[in-house]
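Below is the structure:
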């Protein structure tokens, strides 16, 4: 691919308003040369635009590159902030033609990673999707999102904050096997130079870093001073008030410290008249989605470089990366040097500013692990190093680099060696996750799940799909210990409920849920990502959020309902109609957007046929089991009672309104396995074995990952004829080569898939696993979306075919 630098510079300036720095051009040059990149650059230097701009350039100029960007971050607040900033700019510049969405535990706006061209998400969301245990979806839909990740351009920002033993190890293990297929960019402001070199070697990545003379050119790095003072006391309201000038930020290591410090400050400010004009804000992870958004907007308003507001912000590490804010005074509980440097990036952030930073040790009273959630060794080393350099020293970019290398190098290299030594064991755990789809694996592969997302509600019968509601994270062990102390008003009251999904007949598109009460020693409370709390016993306050301090409302916490799915009302369609609507969905949603990975896989697999034709074949065959005489007899009998059935029709769906028909609809035989067996057998003579296995499993598991066998079947003659006609129409090259006389097209016995499972151990060696993830994603999304496209077409609407 030929990269036109002059054109790129002009495009960059047109979108952002400023000319790119050398490192930003260097990144684009390497990305368009097919390289994966690992970038280190200081806070405020433009890493975000450097990484996003190649995607926008390729999108607008028609360059063959992924048509979806997934931007993953370690913290929700940072995700929200970048989403709002980038969406505003992109919407304005591209007139809404490039969609920017967000997908987090609290903002579940794009759970299938489908609607956005640029999707901002958390590492929990992207990694859980990559591992087929998506936090945003039910267990029944666990295989849908993996294909979205591997087919996109991936950006992992501030990846140094990831859990070395879990999420970082998992991420490096997987992306190292996607080299040449999935382009990605890893970014950090705080890596030791030796570790950066090791990452580049391990991942065959190209290093992007800023030279010392280039740092001086970056406007945000000029003529600013950040003087650091180490205090012998712990952080307190008295110290904050004593040193307050105009804009003060205090960052605590835990939510409890943050909440208590805020309440202490509020009490003092309320009593002291001279402080009445001081605004006081608090932010951390335990706020509802709406309140978080409101607070983030206030923070950006009050702490921008033009603000003259008199304000104090009490926070946790949720603001330490990404937010474009500044202050003149900062108070910090000690944290590891990389976290410390990110935090002070919010003080004296802009050219010509002067800031004071006060650093405190944590309160160790009655605490066995006082430095949680951080590593104690790194916190102590950081504190001692800051003491040794003396009070009032300016921490500029060069000084930061020296501190990082002095404090982090040894530990980071040890961690890197552990990741290398354990990579085979880690890959085995990843494979186990792909096979069994158990969300409990997240505690090993993503993070030690010390937080749990809670829905706070009293009447659980109001919940339909619990994965579509705003959830609030809280430390699970804090929650358990506090709930044990709750005195119930009524002995019959419940405190905690789990979420269980029923794996019913595979025509139930979204499954059904029930919510059993669980005890504090129940394993689900220790491993599950989401539970329900009784709102009678949990408090919520706008100032300090979800708490167990008896502060705020004891009434029901109104959870924000995020685009709750409507009950699926299905209208009758024939087998041919359903295939046609799915083809329309494929053309609109995937045909162009997946062109990049289609071409990559065709080339790597040396496929005789275009990927598009293979997918159309899969779409045609996915419901072949519905042409089974038994299935048609049951469906037509039910539809005939509805008074809307023509005798010659071969049905794909019957009329179904869950508000009316839930107890009347007949139990239809399972069909997915039949389609998988027949499709794979039909393709067996013309496609490689691994490709056929991918086809079989994608079709068999297109309603549920738990489908492991096919039923006995006898296909109606007219059904077989219609299917072959559809193959001839949509897949002419395949049609010429397949043997259309095979007996299995007409009938077959029950069959287990145990011997035909996807061999996930071949991930990174062969490409059959990637095919399965892509096939099953496209098939399941098109199957679900066919009803929407049917409605559009019946109303005479049009669909876009240029996406």
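In the working numbering, the protein residues as written are 81 to 883. Ideal placement from N, C-alpha and C gives every residue a C-beta, glycine not left out.
Cross-strand partners of residue i (DSSP beta bridge)
| i | result |
| --- | --- |
| residue 553 | 533 |
| residue 411 | 330 and 438 |
| residue 625 | 621 |
| residue 828 | 793 |
| residue 236 | 152 and 266 |
| residue 733 | 653 |
| residue 362 | 394 |
| residue 307 | 436 and 474 |
| residue 221 | Answer by DSSP bridge pairing: none, since residue 221 is not bridged. |
| residue 200 | 151 and 182 |
| residue 613 | 536 and 576 |
| residue 117 | 265 and 286 |
Reference residue i, options the options, closest by Cα
| i | options | result |
| --- | --- | --- |
| residue 861 | 178, 222, 365 and 166 | 222 |
| residue 378 | 405, 718 and 400 | 405 |
| residue 827 | 805, 705 and 721 | 705 |
| residue 667 | 429, 621, 863 and 468 | 863 |
| residue 500 | 329, 248, 432 and 176 | 248 |
| residue 730 | 709, 749 and 745 | 709 |
| residue 354 | 410, 711 and 322 | 322 |
| residue 259 | 271, 234, 240 and 270 | 234 |
| residue 375 | 389, 393 and 388 | 393 |
| residue 769 | 784, 785, 847 and 829 | 847 |
| residue 493 | 265, 762, 278 and 141 | 278 |
| residue 243 | 502, 208, 154 and 185 | 154 |
| residue 317 | 820, 330 and 84 | 330 |
| residue 314 | 444, 395, 382 and 126 | 444 |
| residue 391 | 397, 357, 610 and 727 | 357 |
| residue 124 | 108, 423, 829 and 212 | 423 |
| residue 698 | 785, 712 and 806 | 806 |
Inter-residue CB distance, residue i and residue j (contact presumed, cutoff 8 Å)
| i | j | result |
| --- | --- | --- |
| residue 594 | residue 580 | 5 Å |
| residue 659 | residue 700 | 6 Å |
| residue 474 | residue 291 | 21 Å between Cβ atoms; not a contact. |
| residue 616 | residue 573 | 7 Å |
| residue 563 | residue 575 | 6 Å |
| residue 182 | residue 190 | 7 Å |
| residue 624 | residue 339 | 5 Å |
| residue 513 | residue 298 | So it is not a contact: roughly 41 Å between Cβ atoms. |
| residue 949 | residue 619 | No answer is possible for residue 949: the residues shown for the chain start at 81 and end at 883. |
| residue 840 | residue 532 | About 28 Å; that fails the 8 Å criterion. |
| residue 108 | residue 134 | 5 Å |
| residue 164 | residue 285 | Incorrect: roughly 30 Å between the Cβ atoms, too far for contact. |
| residue 407 | residue 432 | Not a contact, Cβ separation roughly 15 Å. |
| residue 382 | residue 359 | 7 Å |
Residues near residue i by beta carbon distance below 6 Å, same chain, minus five either side
| i | result |
| --- | --- |
| residue 152 | 201, 203, 206 and 236 |
| residue 790 | 753, 754, 757 and 831 |
| residue 588 | In this prediction, residue 588 has a pLDDT of 45, which is less than 50 and means its spatial position is unreliable; what the coordinates show is noted afterwards. Cβ within range, chain order: n/a, list empty. |
| residue 873 | none |
Host beta strand (DSSP E) of residue i (start-end)
| i | result |
| --- | --- |
| residue 725 | Careful: residue 725 lies outside any beta strand (DSSP E) and carries neither H nor E. |
| residue 250 | No beta strand (DSSP E) holds residue 250; the alpha helix (DSSP H) holding it covers 249-255. |
| residue 273 | Unbroken run through residue 273 is the alpha helix (DSSP H), 273-283; no beta strand (DSSP E). |
Own chain partners of residue i with C-beta closer than 8 Å, once the 5 adjacent residues on each side are dropped
| i | result |
| --- | --- |
| residue 294 | 101, 102 and 103 |
| residue 93 | 99 and 100 |
| residue 722 | 652, 734 and 735 |
| residue 852 | 773, 774, 777, 778 and 838 |
| residue 463 | 310, 414, 439 and 441 |
| residue 771 | 685, 687, 694, 763, 848 and 851 |
Endpoints, the alpha helix (DSSP H) within which residue i is located
| i | result |
| --- | --- |
| residue 868 | 848-874 |
| residue 505 | 503-516 |
| residue 370 | 369-382 |
| residue 684 | 675-685 |
| residue 340 | 335-351 |
| residue 209 | 203-210 |
| residue 593 | Here residue 593 belongs to no alpha helix (DSSP H); instead the beta strand (DSSP E) covers 592-594. |
| residue 745 | Note, residue 745: premise wrong, no alpha helix (DSSP H); not H, not E. |
| residue 694 | 691-701 |
| residue 289 | That residue, residue 289, is in no alpha helix (DSSP H); its beta strand (DSSP E) goes 286-289. |
Cβ shell of residue i (< 7 Å), same chain only, five flanking positions each side left out
| i | result |
| --- | --- |
| residue 693 | 811, 813 and 814 |
| residue 96 | 129 |
| residue 257 | 843 and 844 |
Short CB-CB distance (under 8 Å) between residue i and chain B
| i | result |
| --- | --- |
| residue 682 | Annotation note: the requested chain B is absent from the structure, which comprises a single protein chain. |
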